[in-house]
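Numbers -28 to -1, 1 to 552, taken from mature numbering (1 follows the signal peptide of the UniProt record, and there is no 0), label the letters of the sequence shown in order.
Just so it is clear, CB atoms sit at the ideal spot from N, CA and C, and this is done for glycine as well.
Please read the structure below before turning to the comments.
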Amino acid sequence: MRCSRHRMICKYVTLVVLSIVQVKKTDASRQCSNLPPGIQKMVMGVDITRLDLVPLDVVGSYGFVGPILQFTCDENNTWKSPEGIVYELPDQIWHMSSRPGGWLSASVNLYKSYEDVRSAMATEVGGEGVIWKFAFSASKTYKKMQNAITNSSRYISDVGAFESATRADFVPNWVLTLDKYAQNFIDKYFNETFETDPKSYDLFISLFGTHYFSKANFGGYIRLVLETTTDYFYSRSDNEVQTYARATLFNIISAHGGKVSSSLNIDEHFTNSSTQTVRYYGGNTNLLTQNGIEEWQNTVDNDPWLFSGELKPISSLITDERKKSSLDKAVENYVLQTYLSEMERLVTSAMAKFKDPILNNLLTQIIQLKTLKVLTYGDVDTLSNDIQSQLMAPVWFTTKTRLCLKWSAQAEDGQCGGGADNVLCATPNSLTPLYQDNTDNRRGGCFMQWGLLSSDFPSWFQAVQVCYQWSGSDSCGGGAANLLCAGINDFSPVYLDDSDDSPGGCAMSWKLEVPATAPVWMKSAKICLVWYPDYDAGQCGHASSRDLCAVANQWTENYYDHTDERRGGCRMRWGIKLEF
């Protein structure tokens, strides 16, 4: 079904089957011959460990397995599409309706952690319950995004849009009956519990999956995935990134002849910092390159894509309580086993980037659990929480902790700050606003202090310090000690920057002091100085890079401050960068 090109809102059409009777398939049941396009996908079982509804790689099954249900048309119900085409409505479908859409209603999800990806994927299929915390571990798209975030220092903008869609709902699960082959398997092989005969239940899952779609949305769908370097987020807000991502999709649609607003401006740095993948689902996608998006849309009605819906456990279709309970346990065990492989993948990847005995211990625990035939939710959940506590920085750190520079002019304001606020702060994975160092032979210099501010933190964080060390001529320090440190919610003693045309200049470096009791994400964090010259490069840096970073408990490479009477000064920013 497709909206009229001259309307942005589709007419809402609903057909309700008023009488619901349990459909018991017999040899006499009439098979359907003219089904509404797309809904045949709903009879397939789904494996929630591998599900990939809108896959970036369309090769393979992307999580759909054997049929768990079967359509029959004994009741002779029909459904008329908005285009006036009459189809048979299967006895098992309660109602169908059209959903309004439009390219301008494109949704944007921003993923900064692999758990953001998992959560969004679960939302697309109405995932409810604790099992969804462990879903999608073997999904190709999930694994690709997880790798980009954890190993390539990228965040992901996921943009999706459909012009129009059809929704189909199964009758309630207490009315539905299983496909005869699935039912025969249960009758023949589910004679014992999962604990005494796990192989039979595992075989069922491999053949028929773990869930089925009780509701599904079909249509033509466009997906744009942008992988953007985390450095870009140092100077841009999440809202700005989401706006650029949505505009990128609109420009792609417009370039293919789609009806959207005029071309939108996108930050060139965003484009250069991102790699993009565009996929089209449903219809004849070959027409996109040949004749444009409108010709493709005309083919979607006959071959729509299932792009979202609501999943329910297959066990909800089983009436025997013992067999139902055993299948629930089997599904939980299967999902947990697959999740352990994901955890092994993550810890192994972390060990390649940062060496710590804690990671070795976690890997040993994973391997030990994988040897068990039957897992318990509590054991896996506890280990999962331990791993995440080591590899994922918590909210109190990512949103409530700030690295700050506090400065003031000793005499003449024109030498310090460049118009910036007197306190410049940044949360992790971002940089402070620019500070300008323009000291010269004018009277006085600039007082500078660094601090780490936070709240709601655990006890080990009390031992963290931010440190600054310097060496150089009389124009440096103003009598301050060569090593200046500050604990949490405090600023280091004052350092006076009064560099001028005296020979030598000032060597400066920074360090995060972190205790051995800190988690791995903190011990692997880096403190960074990013700098560039305003005009004369000879006044600044003299370092191997304009991004000077050092892992916790190590000093950054020296930055040399030699501002003097030469034109311009030096621009500087500080930040903390997380490795995981």
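Identified DSSP bridge partners for residue i
| i | result |
| --- | --- |
| residue 162 | Answer by DSSP bridge pairing: none, since residue 162 is not bridged. |
| residue 421 | 378 |
| residue 124 | Answer by DSSP bridge pairing: none, since residue 124 is not bridged. |
| residue 39 | 16 |
| residue 140 | 68, 188 |
| residue 90 | Partner(s): none; residue 90 has no beta bridge. |
| residue 103 | Paired residue(s): none; residue 103 is not in a bridge. |
| residue 503 | 544 |
| residue 397 | 376 |
| residue 61 | 49 |
| residue 350 | Answer is none; residue 350 lacks a bridge partner. |
| residue 498 | 523, 549 |
Beta-carbon separation (whole angstroms), residue i vs residue j, contact threshold 8 Å
| i | j | result |
| --- | --- | --- |
| residue 83 | residue 130 | 7 Å |
| residue 445 | residue 477 | 7 Å |
| residue 286 | residue 40 | 6 Å |
| residue 524 | residue 486 | 4 Å |
| residue 136 | residue 191 | 6 Å |
| residue 298 | residue 166 | 4 Å |
| residue 78 | residue 251 | Actually they are not in contact, since the Cβ atoms of residue 78 and residue 251 sit about 14 Å apart, beyond 8 Å. |
| residue 382 | residue 417 | 5 Å |
| residue 354 | residue 400 | The pair is not a contact, with the Cβ atoms about 27 Å apart (cut-off 8 Å). |
| residue 113 | residue 28 | 5 Å |
| residue 520 | residue 500 | 7 Å |
Secondary structure of residue i, DSSP reduced to three states
| i | result |
| --- | --- |
| residue -8 | Any reading at residue -8 must be qualified, since the residue scores a pLDDT of 39, below 50, and its modelled position is unreliable; no value is offered. |
| residue 364 | coil |
| residue 533 | strand |
| residue 345 | coil |
| residue 34 | coil |
| residue -18 | Unreliable positioning characterises residue -18 in this predicted model, as indicated by a pLDDT of 34, which lies under 50. The coordinate reading is nonetheless provided below. Residue -18 falls in the coil class under three-state DSSP. |
| residue 279 | strand |
| residue 173 | helix |
| residue 483 | strand |
| residue 84 | coil |
| residue 154 | helix |
| residue 271 | helix |
| residue 254 | coil |
| residue 50 | strand |
| residue 3 | coil |
| residue 167 | coil |
| residue 134 | strand |
| residue 178 | helix |
| residue 408 | strand |
| residue 111 | coil |
| residue 519 | strand |
| residue 356 | helix |
| residue 403 | strand |
| residue 563 | Beyond the ends of the chain as shown, which are -28 and 552, falls residue 563; an answer cannot be given. |
| residue 129 | strand |
| residue 553 | Limits of the chain in this structure are -28 at one end and 552 at the other, which puts residue 553 out of reach. |
| residue 477 | coil |
Classification of residue i by the beta-carbon crowding that lies within 10 angstroms, buried from 16 upward
| i | result |
| --- | --- |
| residue 10 | buried |
| residue 534 | buried |
| residue 491 | buried |
| residue 58 | exposed |
| residue 339 | exposed |
| residue 156 | exposed |
| residue 96 | buried |
| residue 284 | buried |
| residue 391 | exposed |
| residue 377 | buried |
| residue 220 | buried |
| residue 56 | exposed |
| residue 140 | buried |
| residue 464 | buried |
| residue 451 | exposed |
| residue 504 | exposed |
| residue 244 | exposed |
| residue 241 | exposed |
| residue 254 | buried |
- Query: Can you list the beta strand (DSSP E) stretches of 3 or more residues lying completely in the stretch 430 to 475, in chain order?
  - Reply: 437 to 444, 455 to 458, 467 to 469
- Ignoring anything shorter than 4 residues or poking outside the stretch 182 to 251, list the alpha helix (DSSP H) runs there in chain order. 210 to 227, 240 to 244
- Within the stretch 285 to 335, ranges of the alpha helix (DSSP H) (whole runs, at least 4 residues): 293 to 325
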